[in-house]
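Each residue of the first sequence is one higher than the one before, counting from 111 in my numbering. Cβ atoms here follow ideal geometry from the backbone N, Cα and C, with glycine treated the same way. Only a predicted model underlies this, so the values are computations on that prediction, with no experimental measurement involved. Everything on this sheet refers to the single structure shown next.
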Amino acid sequence: MVRTRIAPSPTGFPHIGTIYQALFDYGYAKKNAGQFIVRIEDTDRLRLVAGAEEKIYQSLDWFGLTEDESRRKGGDYGPYRQSERLKIYQSRALELIKNGYAYYCFCSKERLEEVRKRRAQEKKIPMYDKYCRALSAEDVQEKLSSGLTRVVRMKVPENTAIKVRDEIRGEIVFDSNTVDDQVLLKSDGFPTYHLAVVVDDHLMKITHAVRGEEWISSTPKHFLLYDFFGWERPLFFHTSLLRNPDRYKLSKRHGHTNVAWYQEQGFLPEAILNYLALMGWSHPQGKEIFSKEEFIGLLELKNMKAVAPVFDIHKLEWMNGEYIRNLEAGSLKSQLVRFIGKNYDEKLVEKTIPLVRERMKKLVDYMPLCSFFFETPTGYEIDLSAKKDIFVKMKEELNKLNDWKAEPIGEAMLVLAKRLNVKNSEFFMSLRVAITGKKISPPLNESMEILGKKDCLTRIGRVIAAGP
RNA sequence: GGCGCGUUCGUCUAGUGGCCCAGGACGACAGGUUCUCAACCUGUAAAUCAUGGGUUCGAAUCCCAUACGCGUCACCA
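Structure (structure tokens):
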């Protein structure tokens, strides 16, 4: 049985990196007919953001990465929110103390600060000096009963090599002297990530822990904890961090991390997933475009690369364009209608789709291309005032047409251009601007057909009537 | 600074000792198609496989060192 999880902390908008993690977690679970779990890591009370948890679920649904177990879905291993599991962590912390693997620490923030400063001056690693480890049992008892604030720290063994295993990179060895006596239980009774993740992964029977590379350096703490508890540990896979073109870790300051941004731009969830799948993983046949299902069938976590890829928005846009072009017409229409809002005639939108689908990379590209279908242009990108004679002739010829279809329209105009001895490009550009207001537009004849004879003649008439 | 991870075209990558004077994709550029822009088709440029040493008949692939990049060193996750 394979069980995977994402463990986001509800500290803001859903991050694209969380989706990246979720894709591999979800994919691997599904490939093995296992479960994918969402556990909310809300142990940092100061950084909580209201509503963030809901947004995480909504994003997962949007991407089609819906979890099997979570607070909203239920499951046999709940609660799925860490703030509701406090008693579990507390008793586990006590257990560690009892067995000599952890100890109470009464050091004040000020003292810790001082220790850190001193060690920094001595050019040593800024870590805890283990002062409270040496406290006598009586001392501890006394401080405890006097109600002194305290935390629980893990007792990291000295002078040993801690071997951890990452399934992507292999064995990594750490010198235990470089591993801090990590706080496990904070003074507010909440666990730190390190205690919580180990306890929860074990209790929730997680088999494959997929998480970001930033966790590698704290993995020795986690391995130690598993040993302290005498638990079997899951397999660990540290995926590399997504980076910006400037090579830093993808962050709010440096790039687009907010899932909402991708939605606002009109990226399709399938396209984003496909793109994300190509970061650190590649299709065995070198395919670039493939479905989520195909990805799941082929996914092997071990084959992931350990290099941090740069997130290339241009390639994502190309891929999104591919998806838009391959979308079934009805599906494109409904997505487009949802995207641009209900104020537009759905039938009209439907008619325009064949003209613009290969011209859009994102749904947000639709309106700039098609607004002229919905409202008469108010300005013209080219000055048409010198061409009024041509427009008069155009109007005449068009007016004669009974069969208002793209082809006859085009033919009639071609004939006229030749008769007037005007270059095609110049002739059609004038007409284009008169009809659409713009130099760049969907195919003209087809657009005019959709617009209708009356509307087109009116638009040309406006140009003729305009001064000077 | 300590520790850790990483390093193949601008970017994502293929490559696990001979099939690689390194293949694909995006992007760029050029041409074709064309009433615009796209899409589509064809082609071009682009990687001394970070550098330097080994090992080997043979290395992008194995080993070592150096450089560079990133991550991490909290009662944040």
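Checklist line | Span of the alpha helix (DSSP H), counted from its first residue to its last, around His312 | finding: His312 -> alpha helix (DSSP H) spans Tyr303 to Leu313.
Next item on the list: Using the Cα positions of Gln445 and Leu378, report the straight-line distance between them to the nearest angstrom.
Entry: Using only the alpha carbons, I get a separation of about 9 Å.
Item checked: For Gly407, three-class secondary structure by DSSP -> DSSP places Gly407 in helix when its eight states are reduced to three.
Next item on the list: Could you pull out every residue in the same chain whose Cβ sits closer than 8 Å to the Cβ of Glu374, ignoring the five residues on either side in sequence?
Entry: Here the set comprises Val474.
Check: What's the gap between the Cα of Asn512 and the Cα of Glu521?
Finding: Cα to Cα, Asn512 sits roughly 13 Å from Glu521.
Check: Pick from Lys563, Thr270 and Glu151: whose alpha carbon is nearest that of Pro301?
Finding: For Pro301, the nearest C-alpha among the options comes from Glu151.
Margin query: Quick check on the burial criterion: 16 or more other C-beta atoms within 10 angstroms. Buried or exposed for Leu175?
Written below: Around the beta carbon of Leu175, a 10 Å sphere encloses 16 or more other beta carbons of the protein chains shown; the residue is thus reported as buried.
Checklist line | Segment contact flag, the segment 172-190 with the segment 208-222, C-beta cutoff 8 Å, min 3 pairs | finding: No: fewer than three Cβ pairs fall under 8 Å.
Margin query: Please report the straight-line C-alpha distance between Lys359 and His366, rounded to a whole angstrom.
Written below: One Cα belongs to Lys359, the other to His366, and the distance between them is close to 11 Å.
Margin query: Helix, strand or coil for Asp171? Go by DSSP, reduced to three states.
Written below: Helix, per DSSP.
Next item on the list: Evaluate the contact criterion for the segment 212-221 versus the segment 249-257: three or more CB pairs, one atom per stretch, below 8 Å.
Entry: Counting Cβ pairs under 8 Å, three or more are found: they touch.
Checklist line | Span of the alpha helix (DSSP H) around Ser242 | finding: Before going on, a small fix: residue 242 reads as Cys here, not Ser. Note, Cys242: premise wrong, no alpha helix (DSSP H); not H, not E.
Next item on the list: Going by CA-CA distance only, name the one from Gly185, Phe421 and Ile147 that's closest to Gly127.
Entry: Gly127 has its Cα closest to that of Phe421, out of Gly185, Phe421 and Ile147.
Checklist line | Nearest residue (CA-CA) to Pro478, options Lys515, Thr546 and Lys505 | finding: The residue with the shortest Cα to Cα distance from Pro478 is Thr546.
Next item on the list: Note the first and the last residue of the continuous beta strand (DSSP E) segment covering Tyr211.
Entry: If you look at Tyr211, you'll find it isn't in any beta strand (DSSP E); DSSP assigns it neither H nor E.
Margin query: Check for me: the beta strand (DSSP E) holding Asp285 runs from which residue to which?
Written below: First-last of the beta strand (DSSP E) with Asp285: Gly280 to Asp285.
Next item on the list: For the beta strand (DSSP E) containing Thr114, list its first residue and its last residue.
Entry: Segment Arg113 to Ile116, the beta strand (DSSP E) holding Thr114.
Check: Which residues share a DSSP beta bridge with Ser180?
Finding: Under DSSP, Ser180 shares a beta bridge with Gly184.
Check: Can you list, in chain order, the residues of its chain whose CB lies under 7 Å from that of Phe400, leaving out five sequence neighbours each side?
Finding: Annotation for Phe400: Asn384 and His393 place their beta carbon closer than 7 Å to its own, counting only its chain and skipping 5 residues before and after.
Note to self: Just to confirm before moving on: does the CB-CB distance between Ile198 and Met314 stay below 8 Å?
What the structure shows: No; because the gap between Cβ atoms is not below 8 Å, this pair is not in contact.
Next item on the list: Would you decide whether Asn436 is buried or exposed? Buried here means 16 or more other CB atoms lie within 10 Å of its CB.
Entry: Asn436 should be labelled exposed.
Check: Which of helix, strand or coil does DSSP assign to Lys549?
Finding: Coil at Lys549, not helix or strand.
Next item on the list: For my contact list, Arg155 and Asp298 are in at a C-beta cut-off of 8 Å; report their separation, rounded to the angstrom.
Entry: Indeed, because the Cβ distance is near 7 Å, the residues count as touching under 8 Å.
Margin query: What does DSSP give as the partner residue(s) for Leu107 in the beta ladder?
Written below: For residue 107 there is no data in the structure shown, the boundaries of the chain being 111 and 578.
Item checked: Boundaries of the alpha helix (DSSP H) in which Val250 is found, first to last residue -> Residues Ala247 to Ser255.
Check: According to the Cβ coordinates, are Ala162 and Pro189 closer than 8 Å?
Finding: Ala162 is not a Cβ neighbour of Pro189, given a cutoff of 8 Å.
Item checked: Trp391, buried or exposed, once every other Cβ within 10 Å from all chains shown has been counted against 16 -> Buried: at least 16 other Cβ atoms inside 10 Å.
Check: What span of residues does the alpha helix (DSSP H) with Ile435 cover, start to end?
Finding: The sequence shown places Arg at residue 435, not Ile. That run of the alpha helix (DSSP H) goes Ile423 to Asn436.
Margin query: At the level of alpha carbons, what is the spacing between Ile316 and Thr259?
Written below: Distance between the alpha carbons of Ile316 and Thr259 is about 33 Å.
Check: Between Val289 and Ile282, which are expected to be in contact by the criterion C-beta below 8 Å, what is the C-beta distance as a whole number of angstroms?
Finding: Wrong, their Cβ atoms sit about 12 Å apart, outside the cutoff.
Item checked: Rounded distance between the beta-carbons of Ala306 and Thr114, thought under 8 Å -> Not quite, the Cβ-Cβ distance comes to about 17 Å (not below 8 Å), so this is no contact.
Check: Quick one: what's Arg353 bridged to in DSSP?
Finding: DSSP lists Lys359 and Val420 as partners of Arg353.
Next item on the list: Can you tell me which of Lys397, Glu427 and Ala387 puts its alpha carbon nearest to the alpha carbon of Leu409?
Entry: Measuring from the Cα of Leu409, the nearest candidate turns out to be Ala387.
Notebook entry, point to check: What number of angstroms, rounded off, separates the C-alpha of Gly285 from the C-alpha of Leu335?
Noted result: Checking the sequence shown, residue 285 turns out to be Asp, not Gly. Counting only the Cα atoms, Leu335 lies some 16 Å from Asp285.
Checklist line | Those residues which DSSP pairs with Ala271 across a bridge | finding: Bridge partners of Ala271: Asp285.
Notebook entry, point to check: Roughly how many whole angstroms lie between the Cα atoms of Gly122 and Val159?
Noted result: Distance between the alpha carbons of Gly122 and Val159: 6 Å.
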